[in-house]
Structure formats: structure tokens, C-alpha cells
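Numbering (the numbering used here), first residue to last: 252 to 490.
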Ligand SMILES: [Fe+2]
């Protein structure tokens with residue numbers, strides 16, 4: 252008999268990033284392990300959980316601060332789209348801002364991750380969707396059997412991720428948000444964003460001006476300056 256997976260959003264100190272702990276029986280995986288490594292170890296110990304793997308939505312340090320060290324401590328892979336490998340050390344100044352330890356130069360290397368469907372825990376399938384734009388290696392994770400979507404910083408409850416950081420690209424971000432929109436997920440699908448409040452697909456459709464169909468091009472282009480879709484309403488000159 253398969254145990255039903257439990258999904259939990261974890262907001263580790265210092266408050267900033269939404270991590271997700273998914274457990275199935277005593278096995279678990281962590282998405283975007285933010286905060287101190289010790290805090291994660293305490294949590295896993297307190298719950299008698301056995302860490303199987305770590306997944307990052309992208310390579311910014313506020314989504315991977317504990318990943319390399321946890322991966323080494325538990326001898327498990329941490330997965331990252333290799334297009335974001337160059338961001339791993341680039342983000343250390345962000346950790347300084349939060350007074351978190353830097354990721355050392357000899358950090359445990361991530362395992363490359365691409366799009367597809369994988370079984371991450373017993374009976375738990377996960378779809379991996381490439382959603383570049385906030386960074387070149389952005390990934391969104393979908394659990395079709397449980398109606399849960401983890402978007403990282405591609406889209407937030409009220410907005411989208413910034414595109415002005417290294418490898419960010421507004422055209423790719425627009426394409427990625429179209430991709431999520433075109434998945435036609437049910438309104439009740441629960442959405443965990445990289446920062447801020449969680450939402451649902453219904454809430455995004457109702458209140459996020461970026462989460463509109465391609466046919467609502469004009470509205471979208473007013474916010475996606477320079478998206479380059481060629482509709483005539485894009486403001487490429489503003490780039
Ligand atoms: Fe980010």
C-alpha cells in the first residue's frame with residue numbers, strides 16, 4: 252500500500268523564501284532549501300525523515316542556500332538545471348545580506364536536471380517544466396495527481412520574477428508564463444511561489460495581470476515591455 256504524500260510549505264528563518272517539504276512515509280524531498288543547514292537537519296531529525304533528494308527551481312542563492320551542504324550531509328543528489336550552474340557562487344552576496352554562510356568554492360556539485368516526468372517518491376510523479384526567464388535555468392514543478400505547482404520566481408501571486416539579473420530574459424519569461432497558462436490546470440490547483448503568499452490558478456487568473464491568455468496580448472504587453480511578440484503593442488524601444 253502506498254502512503255499519501257504530504258506537502259508542506261516551510262518558511263525558514265530569516266524569512267524570505269518559500270521552501271517545500273514533501274514527505275511520503277519516512278522519505279522526503281526538499282524544494283528550494285533556504286536558510287541554515289542546521290535548521291533543516293533539526294527539522295528532518297525531529298520528524299524522523301529520511302532525505303532522498305533536493306530540487307531547486309533555479310540557481311539563485313536564496314533558493315539553494317542549504318542545498319550543497321545538505322546534499323553532502325545526507326549523500327543525496329541536489330538537482331538543478333545546468334543552465335543555472337554559473338549563478339551558484341554569483342549569489343553569495345545575497346547570502347551576506349541575510350547573514351547566512353556563503354556557498355564555498357568547493358561546494359557539492361548539483362546533478363543536472365531537464366524537463367520530463369520523474370517519480371520522486373514512492374507513488375509520486377512530478378512533471379518538470381522548463382520555465383526560463385527569471386534565470387536561464389528556471390524550472391517549475393507540477394504534481395498532477397495532487398494539484399500542486401511549485402513555480403519558484405517565474406510568477407508570484409501578484410507579479411512575475413525580475414528579468415534584469417544575469418541570464419534573465421523578458422521574452423523567455425513571457426513564453427514560460429504562456430506555457431504555464433496553456434497547461435490549462437484546474438482553478439483549484441494550489442500554487443507555491445518562490446516568495447510571498449501562495450495562490451491558486453484561479454487566483455492568478457483573477458488577479459495577476461501577467462497570467463492572461465495569449466489572446467489578451469495587449470494587456471500583457473503593457474506589462475511585458477519588449478516581449479517581442481510582434482503584436483504592435485510591445486514597447487521594444489523601452490528595453
Ligand atoms: Fe530568484
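Think of the CB as a built atom: it goes at the ideal place given N, C-alpha and C, for glycine as much as any other residue. Treat the numbers as computed from the prediction; the structure is a model and nothing was measured.
- Rounded to the nearest whole angstrom, the CA to CA distance from residue 403 to residue 295 is 22 angstroms.
- Scanning the segment 279-310 for uninterrupted alpha helix (DSSP H) segments of 4 residues or longer gives 288-297, listed from N- to C-terminal end.
- Ordered along the chain, residues surrounding ligand 1 are 311, 404 [Cβ under 5 angstroms from any heavy atom].
- A distance of 9 angstroms or more separates the beta carbons of residue 288 and residue 281.
- The distance from the Cβ of residue 274 to that of residue 257 is about 5 angstroms, consistent with a contact at the 8 angstroms cut-off.
- Secondary structure at residue 277: coil, using DSSP grouped into helix, strand and coil.
- Residue environment: residue 357 is assigned as exposed (fewer than 16 neighbouring CB atoms within 10 Å of its CB, all protein chains considered).
- At a cut-off of 3 residues, the continuous stretches assigned as beta strand (DSSP E) that sit fully inside the segment 308-356 are 329-331.
- A distance of 9 angstroms or more separates the beta carbons of residue 388 and residue 420.
- In this structure, residue 268 sits away from residue 392, with a CB-CB distance that is not shorter than 9 angstroms.
- In this model, residue 437 and residue 429 are separated by some 15 angstroms (Cα to Cα).
- With respect to the 9 angstroms criterion, residue 408 and residue 367 are not classified as neighbours on the basis of their beta carbons.
- The alpha carbon of residue 311 has as its nearest neighbour, out of 286, 299, 449, the alpha carbon of 286.
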